[in-house]
Amino acid sequence: MHDKIKIVIADDHPLMNHGLSSILQNQHDFILAAQAYDGFSALELIKETKPDIAVLDVQMPGMDGFEVARTVIREGLTAKIVFLTMYSDDVFVKKVFELGVKGYVLKENALMDIVNCIRAVMRGEFFISPQISNILLSNNSGRDNISILTQSEKNILHLIGQGKSSKEIAAELFISVKTVENHRSNICKKLGITGSSALLKYALTNPKKL
40 MHDKIKIVIA DDHPLMNHGL SSILQNQHDF ILAAQAYDGF SALELIKETK
90 PDIAVLDVQM PGMDGFEVAR TVIREGLTAK IVFLTMYSDD VFVKKVFELG
140 VKGYVLKENA LMDIVNCIRA VMRGEFFISP QISNILLSNN SGRDNISILT
190 QSEKNILHLI GQGKSSKEIA AELFISVKTV ENHRSNICKK LGITGSSALL
240 KYALTNPKKL
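The numbering used here numbers the first residue of the sequence shown as 40 and each following residue consecutively.
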């Protein structure tokens with residue numbers, strides 16, 4: 040039997056906090072370790088309970104979600120971060136990607152998306168609310184879609200464009216094949232493309248962007 044996923048949630052809106060906690064507690068593979076209503080409390084609870092996932096509201100009293108996430112990363116805490124937010128513009132989303140956060144859920148869809156998001160992030164995958172994906176694709180139509188990728192993802196996409204396999208990319212970048220495959224999955228989701236050769240086709244048709 041696999042260990043359950045331990046979760047801390049932090050949101051200063053009582054209704055959202057309560058709604059999320061109710062949903063998470065109904066999942067057989069989740070454990071709700073703690074709830075917080077401000078950033079300082081969230082950080083302390085993350086340090087104290089050592090959760091697998093910390094679900095953070097971007098805007099909170101004391102410390103906002105970005106400050107909490109940066110501290111978690113800087114101090115080497117093991118919690119993976121999922122952001123809750125009302126913001127869906129591409130500039131804001133890119134800022135989240137650059138921080139290394141893999142889960143990004145719109146508050147208006149949080150009660151529907153949060154369970155899938157947490158499970159995806161625990162698998163090492165990237166999750167973004169479908170509505171945000173649609174907005175990004177719409178906003179980037181005819182522009183530089185690749186701007187939402189991290190530098191590591193751009194490097195991997197560049198190597199894919201050279202026809203290299205995941206095994207060859209892993210050896211060149213000194214990372215595992217599993218990590219390369221996770222990156223490939225994340226890139227596809229961010230760019231909104233599917234298919235076994237979709238990344239190669241994208242890299243070959245957009246060489247100047249890499």
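The beta-carbon is built from N, C-alpha and C at its ideal position, and this holds for glycine as well.
How should residue i be labelled, buried or exposed, when 16 other C-beta atoms within 10 angstroms of its C-beta is the threshold for buried?
i    : result
H57  : exposed
F166 : buried
T124 : buried
A108 : buried
Q64  : exposed
P100 : exposed
S204 : exposed
S215 : exposed
I232 : exposed
A210 : exposed
N155 : exposed
Using the C-alpha atoms, what's the distance from residue j back to residue i?
i    : j    : result
H197 : E137 : 18 angstroms
F122 : I195 : 25 angstroms
E106 : D68  : 29 angstroms
S168 : L95  : 15 angstroms
Y76  : V160 : 23 angstroms
Y162 : S236 : The sequence as given places Arg at residue 162; Tyr does not occur at that position. About 23 angstroms.
L145 : D91  : 21 angstroms
E164 : V111 : 19 angstroms
Going by CA-CA distance only, name the one from the options that's closest to residue i.
i    : options                  : result
Q265 : S186, L150, I185 and A81 : The chain is shown only over 40 to 249; residue 265 falls outside these bounds and no answer can be derived.
S191 : N221, I153 and A118      : N221
K217 : K206, C227 and I185      : K206
M102 : G115, F79, E83 and T88   : F79
Taking the beta strand (DSSP E) that residue i belongs to, which residues open and close that run?
i    : result
K116 : Strictly speaking, residue 116 in this sequence is Leu, with Lys absent from that position. L116 -> no beta strand (DSSP E), and no H or E assigned at all.
V47  : I44 to A49
If I follow the unbroken alpha helix (DSSP H) through residue i, where does it start and stop?
i   : result
L26 : Because the chain is modelled from 40 through 249, residue 26 falls outside the range shown and cannot be assessed.
K86 : G78 to T88
N56 : P53 to Q64
> Fully enclosed by the stretch 120-173, which alpha helix (DSSP H) runs are 4 residues long or longer?
Replying inline: 129-138 and 149-161
> Which residue spans inside the stretch 179-239 form an unbroken alpha helix (DSSP H) run of at least 4?
Replying inline: If one requires a minimum length of 4 residues, the alpha helix (DSSP H) runs lying completely within the stretch 179-239 are 190-200, 205-212 and 216-230, in chain order.
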